[in-house]
Amino acid sequence: MKHVCVYCGSSGGENPGYVAMAGRLGSALAKRGIGLVFGGAGVGLMGAVADAALAGGGSACGIIPEAFANRVAHPGLTETHVVGSMAERKKLMFDLSDGFIALPGGLGTLDELSELLTWSQLGFHTKPCGLINQDGYYDSLLSFFDHAAATGFMHANHLELLLVSGDPEDLLDRMASYDPPIIDKWAKGSG
Ligand code: AMP
2 MKHVCVYCGS
12 SGGENPGYVA
22 MAGRLGSALA
32 KRGIGLVFGG
42 AGVGLMGAVA
52 DAALAGGGSA
62 CGIIPEAFAN
72 RVAHPGLTET
82 HVVGSMAERK
92 KLMFDLSDGF
102 IALPGGLGTL
112 DELSELLTWS
122 QLGFHTKPCG
132 LINQDGYYDS
142 LLSFFDHAAA
152 TGFMHANHLE
162 LLLVSGDPED
172 LLDRMASYDP
182 PIIDKWAKGS
192 G
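In terms of my numbering, the sequence shown opens at residue 2 and continues consecutively.
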């Protein structure tokens with residue numbers, strides 16, 4: 002992987018451990034020579050992951066809609082793309098990246114992760130998707146996915162499309178050796 006896109010909160014969260022984890026991920030990317038692609042803001046976990054990637058000698062490419070670029074854009078990125086809409090932004094983030102990681106975040110992060118997994122289950126891409134489930138932050142989302150599979154709204158094998166870890170180094174190792182499962186969304190009995 003040459004570029005990894007990180008989805009994460011535009012807030013930092015109540016617990017300083019979240020900012021620290023974003024920093025660990027940014028440093029791990031830089032150490033491996035993997036460029037960061039992200040939402041382009043200098044605030045919250047987004048700012049923390051970018052600052053750590055840059056401090057570690059890595060690159061950080063931000064993609065930000067013009068509607069809020071002049072209010073929250075990170076001022077020191079390697080590269081910034083200002084785009085016209087959120088849809089355009091998600092497409093460019095996708096095109097520029099070889100893999101994706103979600104850190105803790107809110108609705109924006111959930112939207113980005115959900116769209117990516119939807120494209121993955123439809124077979125539109127086979128890029129690795131990872132989740133940092135820090136201190137069980139995403140336990141209820143993962144339970145929902147199990148529930149969706151158990152009730153027949155999601156193919157159980159599609160749960161394999163998301164690599165889950167509490168540790169950035171472990172997650173990056175697993176993403177680097179990711180072998181995408183071949184699953185037909187439209188096979189009999191699939192959700
Ligand atoms: P949220 O999780 O709701 O804080 O939204 C964060 C995610 O949505 C990030 O991964 C960004 O790509 C995008 N996003 C939401 N708000 C902003 C913002 N103010 N600046 C840049 N990106 C944002």
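All residues carry an ideal CB built from backbone N, CA and C; glycine is no exception.
Alanine 49 beta carbon near the ligand MG (any heavy atom closer than 6 Å): Absent from the structure shown: the ligand MG. Ligands present: the ligand AMP.
What separation, rounded to the nearest whole angstrom, lies between the Cα atoms of alanine 150 and leucine 118? 14 Å
Rounded to a whole number of angstroms, what is the C-alpha to C-alpha distance between alanine 70 and lysine 91? 15 Å
Tell me, please, which residues DSSP counts as bridged to proline 66. Val84
Start and end of the alpha helix (DSSP H) containing valine 50? 45 to 56
Three-state class that DSSP yields for valine 4 in the structure shown: Valine is not the amino acid found at residue 4; the sequence shown has histidine there. Strand.
Pick helix, strand or coil for aspartate 185, following the three-state DSSP scheme. coil
Give the residues whose C-beta lies closer than 5 Å to at least one heavy atom of the ligand AMP, in chain order. Tyr8, Gly10, Ser11, Gly40, Ala42, Val73, Gly106, Gly107, Leu108, Gly109, Thr110
So within the segment 97 to 146, which uninterrupted beta strand (DSSP E) runs reach at least 3 residues, ignoring any that extend past its ends? 100 to 103, 130 to 133
Secondary structure at glycine 36, three-state DSSP: helix, strand or coil? strand
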